[in-house]
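So the sequence lines, in the order shown, correspond to chains A and B.
Under the working numbering, the letters of the first sequence match residues 1 to 167, in that order.
Under the working numbering, the letters of the second sequence match residues 1001 to 1187, in that order.
Heads up, the thing below is written out as structure tokens.
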Amino acid sequence: MNIPLSLFFLLCVGVGAARRTPLYDAFADGAKEGLQTAKRILPPLIAMLCAIRAFSASGLTDALSAFLAPALQGARIPKETLPLMLLRPLSGSASLAMLKEILHTYGPDSRIGLVASVMMGSSETVFYTCCVYLGAAGVRRSRHTIPCALLAWLAGSIAAGLLTPGW
Amino acid sequence: MLNVLFGLMLGAALLYGLLRGRADAVTGAVLQGAGDAVKSALDMAGMFALFCGMGEILTRAGAAQWLGKKLRPALRLLLGPAMPGDALEYAAMNLTANLLGLGNAATPMGVEAARRMARGMDEASNALCMFLVINASSVQLLPTTVLSLRAAEGSSNPGAVILPAIAATGISTLVGVLSCKLMEKRA
């Protein structure tokens, strides 16, 4: 994480300096715009996070994974990774915490650990991403965005099960 | 869509929590969610400012135009010909950052692209839908967070998941793009 990031910063400063860009002024202007963006996304973020937290606290996430376990056996998705699969589109930090727990419990090199790792990388936080982008853009009707994004998430999760060898 | 989803999630959670005697936990989670949203938005505000600042340096130096030009043909094919130039540039930068696994850098640029694509319209255009689906399906080539987590848990081969992860994310993006194109035709 840190090496690509430092290279990115170096690239920004290097390219800026080479093209004689006023670095400090440009940065300050951009930062101002970034802060306004952060302000714009806060209300939708609060709404979404409340709903997501309530959903997992009520036990519905667990109930859903117990319900879906047999259906996904065909895709060779272990039932231990189902909570992660369900959390993945809902919350980035929650699914990361879940991945850490799975890796810790079953071992990172076990099949469960491998499927969970691939699953984590195969999709983004669908609802969060859509919520942030739509909120910032001021768009209310998202049309087919969320159904298509969820289809992509499902395809990625099934691929994670099928592409990981062993059973 | 978001209206329905919000209502369904919150309603189902509260109802199920009541039935299961977890009403306290659910209420607590709602309160905590609101607080955590502000905290994470504050953290993100710094990140947004930082990466938008860096992005502005690149933009003024002309790098954005250069990058936009490189990714432009592919993006124009996906997002349609009616795309304003500045939105396309931000979309190109967002895609580059996503490919490299720089999630923090990708979000502010993606938000900027989405804002310029929407142009104050209430309904998402085909291009915006496609852009969101590509972002939501992840196009990451190097899952840096997963790798560091695997290494931290003592994996003998943290990188074993790189190739399957690229394949899986490729499949998910492909399915997302195709289904989007299908829905465009139907509309």
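Heads up, the beta-carbon is just placed ideally off N, CA and C, and yes, glycines get one too.
Residue from B:S1179, B:A1092 and B:A1063 with nearest C-alpha to P1073 (chain B): B:A1092
Beta carbon proximity, R1060 (chain B) to chain A, threshold 8 Å: yes
Through-space distance from I112 (chain A) to Y25 (chain A), alpha-carbon basis: What sits at residue 25 (chain A) in the sequence shown is Asp, not Tyr. Computed Cα separation, rounded: 50 Å.
Alpha-carbon to alpha-carbon, L1174 (chain B) and P147 (chain A): One C-alpha to the other measures close to 14 Å.
Beta-carbon gap between L42 (chain A) and A1041 (chain B) smaller than 8 Å: L42 (chain A) is a Cβ neighbour of A1041 (chain B), given a cutoff of 8 Å.
Between the CA atoms of A18 (chain A) and A160 (chain A) - distance to the nearest angstrom: Their backbone Cα atoms lie some 44 Å apart in a straight line.
For E1153 (chain B), three-class secondary structure by DSSP: coil
Cβ of L1128 (chain B) within 8 Å of any chain A Cβ: yes
E1184 (chain B) in three-state terms, based on DSSP: helix
Below-8 Å beta-carbon distance, L163 (chain A) vs any chain B residue: yes
Cα-Cα separation, L84 (chain A) to G1035 (chain B): Roughly 24 Å separates the two Cα atoms.
Below-8 Å beta-carbon distance, D1036 (chain B) vs any chain A residue: yes
Within 8 Å, strictly: CB atoms of S1131 (chain B) and A1113 (chain B): Checking the sequence, you will find Phe at residue 1131 (chain B) rather than Ser. Cβ atoms of F1131 (chain B) and A1113 (chain B): closer than 8 Å.
First and last residue of the uninterrupted alpha helix (DSSP H) at Q1032 (chain B): A1023 to A1061
Chain A within 8 Å of D1086 (chain B), Cβ atoms only: no
Residue interval of the alpha helix (DSSP H) (run including L146 (chain A)): The sequence shown places Ile at residue 146 (chain A), rather than the Leu named in the question. That run of the alpha helix (DSSP H) goes T145 to L163.
A1012 (chain B) beta carbon less than 8 Å from that of L60 (chain A): yes
Cut-off 8 Å between Cβ atoms - residues of its own chain near C12 (chain A), not counting five sequence neighbours on either side: none
Beta carbon proximity, E33 (chain A) to chain B, threshold 8 Å: yes
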